[in-house]
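Q: Once you know that position 294 of the sequence shown is 300 in this note's numbering, the rest is easy, because the numbers rise by one and skip nothing. Don't be surprised by glycine CBs; every beta carbon is placed ideally from N, CA and C.
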Amino acid sequence: MTTRYRLHIDGEDRDAHDGGVLPVFDPCRGLAVAEVAAATPGDVEDAVAAAHRAFPAWAALRPSERGRWLQRLADALEAEAAAFAALESADTGKPLALCREIEIPRAVANLRFFAAAASTFASEAHHGEAGLNLTLRLPLGVVATISPWNLPLYLFTWKLAPALAAGNTVVAKPSEITPASASAFVQLARRIGLPRGVLNLVQGAGPVAGEALVRHPGVKAVSFTGSTAVGRRIGALCGEQLKKCSLELGGKNALLAGEDVDAAPVAELVLRSAFQNAGQICLCNSRLLVPRGRLEEWRFALATAIGDWVAGPPSDASARLGPLASQAQFDKVRGYLALARAEGGRVVAEGRIAASADPAGWFVAPVLLEGLGAASRCASEEIFGPVLSLHPYDDEAEAVALANATPYGLAATVLTHDLGRAQRLAAALDVGLVWVNTWMQRDLRTPFGGARQSGLGREGGWEAMRFFTEARNVCLGT
Ligand code: NAD
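(1) To the nearest angstrom, how far is the alpha carbon of Thr-141 from that of Lys-165?
(2) Please report how far the alpha carbon of Ala-82 lies from the alpha carbon of Val-236, in whole angstroms.
(3) Any idea if Pro-154 is buried or exposed, counting beta-carbon neighbours within 10 angstroms, 16 or more meaning buried?
(4) For Lys-249, verify whether its CB is less than 7 Å away from any heavy atom of ligand 1.
(5) Return yes when the Cβ of Gly-17 is within less than 8 Å of the Cβ of Ser-202, no when it is not.
(6) Alpha carbon to alpha carbon, how far is Ala-178 from Ala-60?
(7) When the Cα of Ala-331 is compared with those of Lys-226, Ala-227 and Asn-283, which residue comes out closest?
(8) If we count Cβ pairs, one from each stretch, closer than 8 Å, do we get three or more for the segment 431-451 versus the segment 88-96?
(9) Say the cut is 7 Å; is the CB of Gly-466 nearer than that to a heavy atom of ligand 1?
(10) Would you kindly work out how many angstroms separate the C-alpha atoms of Pro-329 and Ala-317, rounded to a whole number?
(11) Work out the CA separation of Ala-433 and Glu-465 for me, nearest whole Å.
(12) Could you check the C-alpha separation between Gln-429 and Pro-185 for me, to the nearest Å?
(13) Tell me which residues share the same chain as Glu-84 and place their Cβ nearer than 6 Å to its Cβ, disregarding the 5 neighbours each side in the sequence.
(14) Please determine if the segment 367-381 and the segment 310-325 are in contact, where contact requires at least 3 C-beta pairs separated by less than 8 Å.
(15) Would you say Leu-28 and Arg-20 are within 8 Å of each other, going by their C-beta atoms?
(16) Comparing C-alpha positions only, which one of Leu-76, Gln-209 and Ser-70 sits nearest to His-23?
(17) Which one of Phe-162, Asn-139, Gly-147 and Thr-8 has the shortest CA to CA distance from Pro-62?
(18) Between which residues of its own chain and Val-54 is the CB-CB distance below 7 Å, once the five residues before and five after are set aside?
(19) In terms of alpha-carbon separation, which member of Ala-307, Gly-241 and Gly-173 lies closest to Glu-356?
(20) Going along the chain, which unbroken runs of the alpha helix (DSSP H) with 4 or more residues stay wholly within the segment 69-156?
(21) Using DSSP's beta-bridge definition, name the partner residues of Asn-259.
(22) Nearest chain B C-beta to Ala-66 closer than 8 Å, yes or no?
(23) Quick test of your reading: Glu-107 and Leu-157, contact by CB under 8 Å. State the CB separation rounded to the nearest angstrom.
(24) For a test of your reading of the model: does the CB of Val-354 fall under 7 Å from any non-hydrogen atom of ligand 1? Yes or no.
(25) Beta strand (DSSP E) containing Glu-274: first to last residue?
(26) By how many angstroms is the C-alpha of Asp-266 removed from the C-alpha of Thr-175?
(27) Just reading off the beta strand (DSSP E) that Pro-398 is part of, what are its end residues?
(28) Tell me which residues share the same chain as Ala-418 and place their Cβ nearer than 7 Å to its Cβ, disregarding the 5 neighbours each side in the sequence.
(29) Would you say Ala-380 and Ala-411 are within 8 Å of each other, going by their C-beta atoms?
(30) Check whether the segment 296-311 touches the segment 389-405, taking contact to mean three or more Cβ pairs, one atom from each stretch, closer than 8 Å.
(31) With which residues is Pro-29 paired in a DSSP beta bridge?
(32) For Ala-280 versus Asn-291, is the C-beta distance shorter than 8 Å?
(33) Taking the alpha helix (DSSP H) that Val-220 falls in, what are its first and last residues?
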């Protein structure tokens, strides 16, 4: 029997009202292996209504009680971490180690972090100028979370945890491309007895289920992670209703290597930052800027190290990256590789596809390109695949100009031993996140998000708790 991932509304699993489903593919074989219920606007209506009914009791809990629920969710997920890692790996095709060592532990950490945040989040008091002011931070009501396929459970929990901690009830919409782990997660919630309606799951197509959720007047805020195009659409819909929204969008991140850095010792870090999860992380670096005088050294170091980057299925222990997530993503990345050649780019080094990979799977060998102009489409648009382009610079000012020469502003990485250079670059790079001599190290208390076309607003720590609450200032006259 075909596995079907269903909706979860008011504590119960359901099919869509009209019985509609979408196929779910195994990206390692390019084959439909399961189906996911495709929620209709009517299903969304039911989910929002259930969340509304659950809201008063959930919001009335003490923050520490909501924190305990999140801890229980974290405990339940941790107890089944191995099964969740296997499920996520099968659904996405990514290496099991990535799920086991990074993504599922991070989902547990998201829940634990915001469990603690529920009771440590503090509101402000101001006095001495005009009365005694107390700023209350009140839950908004029903909120929507919409997440992508690249880090399914990691990003699903990153949104729902602060939303619940702050006292809201949630209707969550994961990507239709990777529905499995969200479905399994709501089963955990039911098993631990999370009150019905507090966390509802609508699966299905973005333009139908996702958009119905965004448009619903009963939804007070939308937390979205995904592409810039869809983010713009959601931002416009929220704008019409003056609805709060947080948008975490695409990137075209640069890694800037300083004059003082030798290539060989950092080649592995550089390639990992470009090819982890087959380059399908918004934070992956896709442009490498190196001093012109060291270009040959960089080329050699990367060409040597890229041999370790093998694309293959999770069953092959030598595979460091899996396939691309969908036929559309596969076609898009291959289209950019063809375009790169037309734009004057040439492949200077390549990883490989494992012999174990099914030719019908959506595998792409990691590629290092050179010769692309900064303004070329391949060097300025988000490809979201295992593609890194190498660009020489003559001085620091040119390096900064190149790094900032795309419409995106999510993240940048700087490699240097010179503290002064690190500080200058961190100030000059027009992005939301800068890593120096590291990549993707995350302290969950820090603000996370992008500048320019990479987003609007910040997640993480108190930023997330503020997003999911309404401030009400109460002034006590003196
Ligand atoms: P996407 O925008 O296609 O879809 C994201 C989610 O939005 C999915 O759940 C989808 O069903 C839903 N959706 C699609 N159309 C919708 C609509 N009209 N209304 C409401 N919801 C809709 O993105 P994707 O392809 O799943 O993910 C890849 C993108 O996500 C990349 O651009 C990547 O950079 C970005 N991303 C950003 C971050 C970040 O934190 N900035 C993190 C991960 C991924």
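A: With the structure as the only source:
(1) By 1-based counting over the sequence shown, the position of residue 141 is 135. By 1-based counting over the sequence shown, the position of residue 165 is 159. The straight-line gap from Cα to Cα measures roughly 24 Å.
(2) Counting from one through the sequence shown, the residue named residue 82 turns up at place 76. Counting from one through the sequence shown, the residue named residue 236 turns up at place 230. Computed Cα separation, rounded: 33 Å.
(3) The residue you call residue 154 lines up with position 148 of the sequence shown. Classification for Pro-154: buried.
(4) Walking along the sequence shown from the start, residue 249 turns up at place 243. The answer is no for Lys-249.
(5) Residue mapping note: residue 202 aligns to position 196 of the sequence shown, counting from 1. Residue mapping note: residue 17 aligns to position 11 of the sequence shown, counting from 1. According to the sequence as given, residue 202 is Arg; it is not Ser. Yes, the Cβ-Cβ distance between Arg-202 and Gly-17 is below 8 Å.
(6) Counting from one through the sequence shown, the residue named residue 178 turns up at place 172. Counting from one through the sequence shown, the residue named residue 60 turns up at place 54. Approximately 15 Å between the Cα atoms of the pair.
(7) Walking along the sequence shown from the start, residue 331 turns up at place 325. For Ala-331, the nearest C-alpha among the options comes from Asn-283.
(8) no
(9) Taking the sequence shown and counting its residues from 1, the one referred to as residue 466 is at position 460. No; taking the cut-off as 7 Å, the Cβ of Gly-466 has no heavy atom of ligand 1 nearer than that.
(10) Taking the first residue of the sequence shown as position 1, residue 329 is located at position 323. Taking the first residue of the sequence shown as position 1, residue 317 is located at position 311. The alpha-carbon atoms of Pro-329 and Ala-317 are separated by roughly 7 Å.
(11) For the purposes of this step, residue 465 is taken as residue 459 along the sequence shown, with counting starting at 1. For the purposes of this step, residue 433 is taken as residue 427 along the sequence shown, with counting starting at 1. Going from the Cα of Glu-465 to the Cα of Ala-433 covers about 21 Å.
(12) Residue numbering aside, residue 429 sits at position 423 when the sequence shown is read from its first letter. Residue numbering aside, residue 185 sits at position 179 when the sequence shown is read from its first letter. Distance between the alpha carbons of Gln-429 and Pro-185: 42 Å.
(13) As a first step, residue 84 must be located in the sequence shown, where it is residue number 78. If we look at Glu-84 and ignore the five residues flanking it on each side, its Cβ neighbours are Val-114.
(14) yes
(15) For this step, residue 28 is matched to residue 22 along the sequence shown. For this step, residue 20 is matched to residue 14 along the sequence shown. Against a cut-off of 8 Å, the Cβ pair of Arg-20 and Leu-28 comes out as no contact.
(16) Within the sequence shown, the letter at position 17 stands for residue 23. Closest by alpha carbon: Gln-209.
(17) Within the sequence shown, numbered from 1, the residue matching residue 62 stands at position 56. For Pro-62, the nearest C-alpha among the options comes from Gly-147.
(18) The residue labelled residue 54 in the question sits at position 48 within the sequence shown. Excluding positions up to five away in sequence, the list reads Val-148, Val-177, His-222, Gly-224 and Val-225.
(19) Against the sequence shown, residue 356 aligns to sequence position 350. Measuring from the Cα of Glu-356, the nearest candidate turns out to be Ala-307.
(20) 69-85, 87-98 and 110-126
(21) Counted from its first residue, the sequence shown places residue 259 at position 253. Partner(s): Asn-291.
(22) Absent here is chain B; the protein component of the structure consists of one chain.
(23) For the purposes of this step, residue 107 is identified with residue 101 of the sequence shown, where counting begins at 1. For the purposes of this step, residue 157 is identified with residue 151 of the sequence shown, where counting begins at 1. Contact doesn't hold; Cβ gap of about 13 Å is too wide.
(24) Here the question's residue 354 lines up with position 348 in the sequence shown. Not so, every heavy atom of ligand 1 lies at least 7 Å from the Cβ.
(25) Within the sequence shown, the letter at position 268 stands for residue 274. It is not in any beta strand (DSSP E) - Glu-274 instead sits in the alpha helix (DSSP H) that spans 273-281.
(26) Counting from one through the sequence shown, the residue named residue 175 turns up at place 169. Counting from one through the sequence shown, the residue named residue 266 turns up at place 260. Whole-angstrom Cα-Cα distance: 51 Å.
(27) Position 392 of the sequence shown holds residue 398. Note, Pro-398: beta strand (DSSP E), 393-399.
(28) The residue you call residue 418 lines up with position 412 of the sequence shown. Only Asn-259, Ala-260, Leu-262, Ala-409, Leu-435, Val-437 and Val-440 meet the Cβ criterion.
(29) Position 374 of the sequence shown, counted from the start, is the residue given in the question as residue 380. Position 405 of the sequence shown, counted from the start, is the residue given in the question as residue 411. Their beta carbons are under 8 Å apart, which means Ala-380 touches Ala-411 by this criterion.
(30) yes
(31) Reading the sequence shown from its first residue, position 23 is the one you call residue 29. DSSP output for Pro-29 lists Glu-41 as bridge partner(s).
(32) On the sequence shown, position 274 is the one that residue 280 refers to. On the sequence shown, position 285 is the one that residue 291 refers to. Going by C-beta atoms, Ala-280 is nearer than 8 Å to Asn-291.
(33) Translated into the one-based positions of the sequence shown, residue 220 becomes position 214. First-last of the alpha helix (DSSP H) with Val-220: 217-221.
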